[in-house]
Amino acid sequence: MSRSVFTEAYIRFRRLLIEARRSARLTQAQLAERLGRPQSFVSKYETGERRLDVVEFLELAQVLGIDPVELLREVQKSIPPSNHPR
């Protein structure tokens, strides 16, 4: 049986970014143009073909007009508590 390489939290992250793009009423092509990237860049991170690094995420949040900290708080809800002592 094949397991996904993505955690539930990363899947949630991608879904939230897709929702933010749609809420901004932007197509993938329009968002890509605002980012100065090809449309395939948006398609690939939305489908999970590639991951976003922190700087790319911050640029994306800025273009979408979303608070990156709030989005990450939503993602954090998908992460189970650690059993390791701090």
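If you're matching positions, the sequence shown starts at 10 in the numbering used here and goes up one per residue. Built from N, CA and C at the ideal position, the CB exists for glycine as well. Owing to the predicted nature of the structure, the values given are computational and were not obtained by experimental measurement.
Checklist entry - Applying the criterion that 16 or more other CB atoms from any shown protein chain within 10 Å of the CB defines a buried residue, is Arg30 buried or exposed? => result As a working mapping, residue 30 is identified with position 21 in the sequence shown. So Arg30 ends up on the buried side.
Next on the checklist: As a quick exercise: from Val84, Pro89, Glu42, pick the residue whose alpha carbon is nearest that of Leu26.
Outcome noted: Taking the sequence shown and counting its residues from 1, one reaches residue 26 at position 17. The candidate whose alpha carbon is nearest that of Leu26 is Val84.
Next on the checklist: In the DSSP assignment, the alpha helix (DSSP H) including Arg31 goes from what residue to what residue?
Outcome noted: Within the sequence shown, residue 31 is the residue found at index 22, counting from 1. For Arg31, the enclosing alpha helix (DSSP H) covers residues 17-32.
Item to check | Closest Cα partner of Arg23 within the set Val78, Arg59, Asp76, Pro89 | outcome: Here residue 23 corresponds to residue number 14 of the sequence shown, with the count starting at 1. For the residues Val78, Arg59, Asp76, Pro89, the minimum Cα distance to Arg23 belongs to Arg59.
Next on the checklist: At the level of alpha carbons, what is the spacing between Ser8 and Ile20?
Outcome noted: Absent from the model: residue 8. The displayed extent of the chain is 10 to 95, so no value can be given.
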